[in-house]
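Peer 1: Residue 167 in numbering that gives the first Met the number 0 is what sits at position 168 of the sequence shown, and the numbering runs on without skipping anything.
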Amino acid sequence: MTSSFSRGSPRRRLYLKSSHCGHLYQCIHACDLLHIHMQPRPGVDAALAGASPTRSALAMFSLASRVALVTGAHRGIGLEIALALAEAGAVVYCLDIQAEPDNAWLTVQRHVTKLPAAQDGQKSGRLEYISGDVRDQNAMWAAVEDIASREGRIDICFANAGIYAVGDCLEYPAEDFRKMLDVNTLGAFVTAQAAGRQMVRLGTPGSIILTASISGSITNPGLRSVAYSTSKAAVTQMARSMACELAPKGIRVNSISPGYIVTECVGIHDVYVSQFHAPSRMTLVSFLSTPGLEEQLSVQNPMGRFGCVDELRGIALYLASDASTFCTGTDIKVDGGQCAW
Numbered sequence: 000m001t002s003s004f005s006r007g008s009p010r011r012r013l014y015l016k017s018s019h020c021g022h023l024y025q026c027i028h029a030c031d032l033l034h035i036h037m038q039p040r041p042g043v044d045a046a047l048a049g050a051s052p053t054r055s056a057l058a059m060f061s062l063a064s065r066v067a068l069v070t071g072a073h074r075g076i077g078l079e080i081a082l083a084l085a086e087a088g089a090v091v092y093c094l095d096i097q098a099e100p101d102n103a104w105l106t107v108q109r110h111v112t113k114l115p116a117a118q119d120g121q122k123s124g125r126l127e128y129i130s131g132d133v134r135d136q137n138a139m140w141a142a143v144e145d146i147a148s149r150e151g152r153i154d155i156c157f158a159n160a161g162i163y164a165v166g167d168c169l170e171y172p173a174e175d176f177r178k179m180l181d182v183n184t185l186g187a188f189v190t191a192q193a194a195g196r197q198m199v200r201l202g203t204p205g206s207i208i209l210t211a212s213i214s215g216s217i218t219n220p221g222l223r224s225v226a227y228s229t230s231k232a233a234v235t236q237m238a239r240s241m242a243c244e245l246a247p248k249g250i251r252v253n254s255i256s257p258g259y260i261v262t263e264c265v266g267i268h269d270v271y272v273s274q275f276h277a278p279s280r281m282t283l284v285s286f287l288s289t290p291g292l293e294e295q296l297s298v299q300n301p302m303g304r305f306g307c308v309d310e311l312r313g314i315a316l317y318l319a320s321d322a323s324t325f326c327t328g329t330d331i332k333v334d335g336g337q338c339a340w
């Protein structure tokens, strides 16, 4: 492949020539026509073209008029991300297994309705709740099709639903292992699949984000989590594979791998510890009062502390918005540097 640059005044053009990359040439040429010939690119290109000064860097993160789906969004990380997307202007459908949202979720929904208008005059988004099981392919396809038909588009998918349990790898029951894969891996795939189908049907460029975990890249010292780690490693590779397949359709796919995150929602700490049973909820106090556990886990990253759920908002907005239009197939770790050791 050969490439050449030609500089206009002040627009520049990138030509890619290859006997075996005709499709790539077409994609780059289309981008050149759309973004360069019609209007200057944001930033320096716009400044040199004499465009009216605007705060384009912040505008890239706007989600005004966008429609998003976030699974596992009844509480915890999912609800925090849903709120962030709504604050940026998106209409966000929160899907979870509970038949009806609880008072905490409804409080957050009311909070969104009271947000002030953005400086650019755009209204804030809104939160909607729907019940669903991410393992049910037909139901998920129908649910997302209904969202897309109702709103006229689907732009963002955040496949976040998941469970966690620990157990001895030599004694771990196959039924529990399968359940972990069904929710964490199959559920992520079905969710991404359902959203991607509607993006393609409507011709809408989109962003699909999968919640993985650093446990999919490393083994967490002291935690017997072979099933969970396996399920999240699969999610990371799923994002890479789907990114390559869907890029020609204008759909980006990335994953986020959180480290140890304290997800506190009205006093509930979303760390699940269960010995071969369905995950059970523990209070924040009982979790942190487990002798030595906080110290044991905190020292595993250079920052020496747990992360807070709101510290995932920025990276989620980046991947959901036009700030990341050339980012796909990437796993971004938000772990206090744990994987840097």
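We treat Cβ as the ideally placed atom computed from N, Cα and C, and that holds for glycine.
1) Thinking C-alpha only, which one of 164, 55 and 90 is nearest residue 69?
2) Can you say whether residue 109 is buried or exposed, counting buried as having 16 or more other CB atoms within 10 angstroms of its CB?
3) Assuming residue 213 and residue 295 make a contact with CB atoms under 8 Å, what is their CB distance in whole Å?
4) Residues in the same chain with beta-carbon distance under 6 Å from residue 331, minus the five sequence neighbours each way, listed in chain order, please.
5) Here's a check: name, in chain order, each residue in its chain whose Cβ is nearer than 8 Å to the Cβ of residue 311, leaving out the five neighbours to either side.
6) Bridge partners of residue 94, per DSSP?
7) Measure how close the beta-carbons of residue 194 and residue 156 come, nearest whole angstrom, since I'm counting them as under 8 Å.
8) Nearest to residue 162 by alpha carbon, out of 135, 138, 71 and 202?
9) I need the straight-line Cα distance from residue 268 to residue 165, nearest angstrom please.
10) Could you check the C-alpha separation between residue 56 and residue 43 for me, to the nearest Å?
11) What's the call for residue 302, buried or exposed, on a 16-neighbour Cβ count within 10 Å?
12) Any idea if residue 104 is buried or exposed, counting beta-carbon neighbours within 10 angstroms, 16 or more meaning buried?
13) Closest by CA to residue 51, which one among 59, 60 and 41?
14) Is residue 306 helix, strand or coil when you go by DSSP?
15) For a test of the three-state rule: what should DSSP assign to residue 332, helix, strand or coil?
16) Less than 7 Å between the C-beta atoms of residue 328 and residue 239, yes or no?
17) For residue 340, I'd like the list of residues in its chain whose CB is within less than 6 Å of its CB, leaving aside the five on either flank, ordered along the chain.
18) Looking at the strands, I want to know which residues DSSP matches up with residue 250.
19) Can you give me the C-alpha to C-alpha distance between residue 191 and residue 297, rounded to a whole angstrom?
20) Does the CB of residue 217 have a neighbour CB from chain D at under 7 Å?
21) What is the DSSP secondary structure of residue 325, reduced to helix, strand or coil?
22) Quick one: what's residue 319 bridged to in DSSP?
23) When you compare the CB positions of residue 88 and residue 136, do they come within less than 7 Å of one another, or not?
24) DSSP three-state call for residue 60: helix, strand or coil?
25) Does the stretch 143 to 160 come close enough to the stretch 211 to 228 that 3 or more CB-CB pairs lie under 8 Å?
26) Just the C-alpha distance for residue 125 and residue 64, rounded to the nearest angstrom, thanks.
27) Give the DSSP-derived three-state secondary structure of residue 340 in the structure shown.
28) Would you tell me roughly how many angstroms separate the C-alpha atoms of residue 67 and residue 84, rounded to the nearest one?
29) Do residue 186 and residue 152 have their CB atoms nearer than 7 Å?
30) Could you give the residue range of the beta strand (DSSP E) that holds residue 156?
Peer 2: In brief:
1) 90
2) exposed
3) Incorrect: roughly 16 Å between the Cβ atoms, too far for contact.
4) 255 and 314
5) 76, 79, 80, 255, 257, 260 and 333
6) 70 and 129
7) 3 Å
8) 71
9) In this prediction, residue 268 has a pLDDT of 33, which is less than 50 and means its spatial position is unreliable; nothing more can be read from the coordinates.
10) 11 Å
11) exposed
12) buried
13) 41
14) strand
15) strand
16) yes
17) none
18) 205
19) 32 Å
20) No chain D appears in this structure, which consists of one protein chain only.
21) coil
22) Residue 319 pairs with nothing; no bridge assigned.
23) no
24) coil
25) no
26) 11 Å
27) coil
28) 8 Å
29) no
30) 155 to 158
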